[in-house]
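Chains as they are written, first to last, in the numbering used here: chain C, 13 to 360; chain U, 13 to 360.
Ideal Cβ placement from N, Cα and C applies to all residues, glycine included.
Presented below is the structure to which this report refers.
Number of protein chains: 2
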Amino acid sequence: MVVREPGAEPRAAGMKEVAAAAGVSLGTVSNVLNRPGRVSPATRARVEAAMTELRFVRNESARQLRAGRSRVLAYVMLDGSNPFFTDVAAGMEDAADAAGEGDLSLFLCNSAHQPSREAAYLGRLEQQRVQGVLITPVDPDAPLLGEIARRGTPVVVVDRTPEGTTHCSVAVDDVYGGEIAVRHLVEQGHERIAFIGNHTSVGQVRDRRQGALRALAAAGLGPDRLVDLTTTALTVADGRGAGERLAGLPASVRPTAAFCANDLVALGLLQTCANLRMSVPADLAIVGYDDIEFAAAAAVPLTSVRQPRRRLGRTAVELLLAEASETGHEHRKVVFTPELVVRASTLR
Amino acid sequence: MVVREPGAEPRAAGMKEVAAAAGVSLGTVSNVLNRPGRVSPATRARVEAAMTELRFVRNESARQLRAGRSRVLAYVMLDGSNPFFTDVAAGMEDAADAAGEGDLSLFLCNSAHQPSREAAYLGRLEQQRVQGVLITPVDPDAPLLGEIARRGTPVVVVDRTPEGTTHCSVAVDDVYGGEIAVRHLVEQGHERIAFIGNHTSVGQVRDRRQGALRALAAAGLGPDRLVDLTTTALTVADGRGAGERLAGLPASVRPTAAFCANDLVALGLLQTCANLRMSVPADLAIVGYDDIEFAAAAAVPLTSVRQPRRRLGRTAVELLLAEASETGHEHRKVVFTPELVVRASTLR
DNA sequence: CCTCCGGATTGAAAGGTTTCACAAATCTGG
DNA sequence: CCAGATTTGTGAAACCTTTCAATCCGGAGG
């Protein structure tokens, strides 16, 4: 029976208190926790009783301190409100659950595109001596990542392919993705195609655009057939804006199809079309990128380039754990191939 | 100059090594870190030089062990892929950044509706001695939460209002939300209204439905005017399914408006309407709930009940930090009032 | 009866930081 | 030049767990 003094704070019980209560030594309590087989059933029962009695909660800090590393993985995501990244994170959770045998946690950190926040999170994670860091960085070639890796915390870059060779990475072939998107549009008979995105900044988007050009070339169409509508970011609002600009073009030069750098932009574009009574796909065919859930759920379901999101996450965790356990680790760069999901927005 | 032996692992340097390199005692290094004012500029510079030289990284486990508590907050979210929760999380980040003076981290954990995962995360967080736990629980009245709070880890329940009084909570008045949604529909002349959601399970949804009934009553309309279309969950697919069932009803009993328990369901419904060439709002007016970004971005922008999502998150963190610092803490239950955002989906 | 063996248990060290009482050095003003 | 105050710096204890060599015990074999 627990007797609690009226005024006394019920101070958190440690293994020492448990040992005292059970009438055993500290080492035995530790054995019950870590090597139950080494302890006779009788004493084990006694110790376990004492633990529940005293509401014992293991102190992870002390464990870690002794062990040197924590049993935590972290994913520093670029944008927590973009469904693409939350799906990647879901894949990571699956892999962590599967691999960790129940003692591996995945924590999510949202940098929200802010380099300062990203740096702050990375610093704290390093201080926590996490098992490893998964990250979709604001800038994949920032030196910070390399430094962390060099200091001994494994880093896996997700959905970007960095230049250096200080860490593993998992990404998707964006040039190919752009290519299949535009090839599809060309096959549907389109010969003037808008490209909507901020391709001047993000490497990603540049690749997709390059793939688009390649598809045009393969069909014997020149690069002038790609009409650039440049946005500042890749949000729904950017898509709306681009749609208005597109609608404002004279019919003689107006594209009959649009390839959007991601689905958010495509959804914005779709909305503008609905407002302006432009029919999709009759007046304008639209292809998005990422195939987020809302792409299929749109009023006119969107054709989109699907990336293996959960697979991306799973693989990233596997690479990370491999790096953390292997002794002579060889950094790998895994590249997945996206696939086109054709829906109503391009099918006449 | 760093001399690195060819084969030697550059073992992580601790404060001890830094102290040795700078020719000072351990205590001084600690002072440089924690009370720079107590150290003369000259020695401080020497110590700092040694730190960068040796690539010193503070060991958070050891700090925590000494301090008793970590400087980490965690939000255990119910569904990482629902934009509503990611927005709540964004509000939490803002508050944590503002309050923490740079040394407070917010980690996100996604229980994905799985009680087992939720329990696992809670256990680990408690072991980590986090500053506090923010949680949108699968079951707000599960005993686990109370136990954790009783053992000394502050808990704030977000977007649910639990029965007990062992912790603070932040929520939104769902009855009122349902009421304004349906009042609006009634004002638009609708007299038979569908309610789409899984109201048998989630308290939340039950409240919204009750608000709907209240609005009907206030307009002199009986509860039979609310047509229940029950779903299993609150996903886009559920909305699509409900839409088909609704369209299948004979015109004599078919509602002219639908109040959806969340925006995902509303988007699914909207999509079915588009497929079946039902005009929104002429054939069917739709009100959603949550006002996620995609609600405004839909082909027919959705009227929706907006919850102060970021505010919810900010307040939750503030309550948590208050509880963690105050001595005699009084648990509070904060309830926000939602507001109706009227858009095209209900305006004829 | 003694020795040896294996299983069960113990005790102490280690891990890196913070804190705090204390010592040393420097300064203030008389 | 001294008493006292102030500024710097020190050393050891404490935080809680894990690990590992050492000890203890009962029993088997001789």
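| Query | Result |
| --- | --- |
| Which ranges does the beta strand (DSSP E) cover as unbroken runs of at least 3 residues, wholly within the stretch 187–257 of chain C, from first to last along the chain? | 205–209, 238–242 |
| Run through chain U and tell me which residues come within less than 9 Å of Q143/C, C-beta to C-beta. | Near Q143/C there are no residues of chain U at all, since even the closest Cβ is about 13 Å away, more than 9 Å. |
| Work out the CA separation of L77/C and Q222/C for me, nearest whole Å. | 49 Å |
| When Cβ atoms are compared, which residues of the stretch 115–136 of chain U fall closer than 9 Å to chain C? | D115, S117, L118, F119, L120, C121, N122, A124, R129, A132, Y133, G135, R136 |
| Under 7 Å Cβ to Cβ from S9/U, same chain only, skipping five residues before and after it: list those, please. | The first residue shown for chain U is 13 and the last is 360, placing residue 9/U beyond what the model contains. |
| Reducing DSSP to helix, strand and coil, say where R153/U ends up. | Going by the sequence as given, residue 153/U is Asp instead of Arg. Three-state result, D153/U: coil. |
| State yes or no: is the C-beta of C285/C within less than 8 Å of the C-beta of I208/C? | no |
| Starting from the Cα of A33/U, find the closest Cα among M63/U, G49/U, P48/U, A74/U and give me that residue. | M63/U |
| When you compare the CB of R16/C with every CB in chain U, is at least one pair closer than 8 Å? | Interpretation of R16/C is limited by its pLDDT of 39, a score under 50 that renders its predicted location unreliable; no figure is taken from the coordinates. |
| Take H202/U and list the residues in its own chain whose beta-carbon comes closer than 8 Å to its own, dropping the five residues that flank it on each side. | P267, T268, A269, A297 |
| At a CB-CB cut-off below 9 Å, which residues of chain C make contact with P149/U? | Ordered by position in chain C, no residue passes the 9 Å Cβ test against P149/U, which lies about 18 Å from the chain. |
| Cβ of L118/U within 8 Å of Cβ of E105/U? | yes |
| For E76/U and chain C, any beta-carbon pair shorter than 8 Å? | Here the sequence assigns Gln to residue 76/U, which means Glu is not the residue at that position. Interface residue, yes. |
| Flag G26/U as yes if its beta-carbon sits less than 8 Å from any beta-carbon of chain C, otherwise no. | no |
| If the criterion is Cβ atoms closer than 8 Å, does the pair V299/C and V312/C meet it? | no |
| To be precise: take each residue of the stretch 87–113 of chain C, compare its Cβ to all Cβ atoms of chain U, and keep it if any distance is under 8 Å. Which residues remain? | G92, S93, P95, T98, D99, A101, A102, E105, D109 |
| Quick test of your reading: V346/C and T358/C, contact by CB under 8 Å. State the CB separation rounded to the nearest angstrom. | Not a contact, Cβ separation roughly 30 Å. |
| Taking the alpha carbon of V182/C as the reference point, which residue from A110/C, V217/C, L352/C, V329/C has its own alpha carbon closest? | V329/C |
| Determine, using beta carbons only, whether L134/C and I160/C come nearer to each other than 8 Å. | yes |
| For E138/U, return the contacting residues in chain C, with the cut-off set at a CB-CB distance below 8 Å. | V69 |
| In chain U, what lies closer than 7 Å to L282/C by C-beta? | A311 |
| Using the DSSP secondary-structure output, state which residues sit across from N43/C in a beta bridge. | According to DSSP, N43/C bridges with nothing at all. |
| Among T165/U, R162/U, R67/U, V169/U, which has the Cα closest to the Cα of L324/U? | V169/U |
| Is R163/C close to chain U, meaning its C-beta is less than 8 Å from at least one C-beta of that chain? | yes |
| Please return the same chain residues whose Cβ sits closer than 8 Å to the Cβ of Y188/U, not counting the five positions on each side in sequence. | G223, T349, P350 |
| Check whether the stretch 227–239 of chain C touches the stretch 166–180 of chain C, counting contact only when three or more Cβ pairs, one atom from each stretch, lie closer than 8 Å. | no |
| List, in order along the chain, the chain U residues whose C-beta lies closer than 9 Å to that of L324/C? | Residues of chain U passing the Cβ test: none, with the nearest at roughly 15 Å. |
| Name, please, each residue of chain C whose Cβ falls closer than 7 Å to the Cβ of V248/U. | E305, A309 |
| Do D236/U and N274/U count as a contact pair if the criterion is CB distance below 8 Å? | no |
| In the DSSP assignment, the beta strand (DSSP E) including N122/C goes from what residue to what residue? | 117–122 |
| Take H341/U and list the residues in its own chain whose beta-carbon comes closer than 6 Å to its own, dropping the five residues that flank it on each side. | E335 |
| Which class does M89/C belong to by DSSP, given the choice of helix, strand or coil? | strand |
| From what residue to what residue does the beta strand (DSSP E) around V170/C run? | 167–170 |
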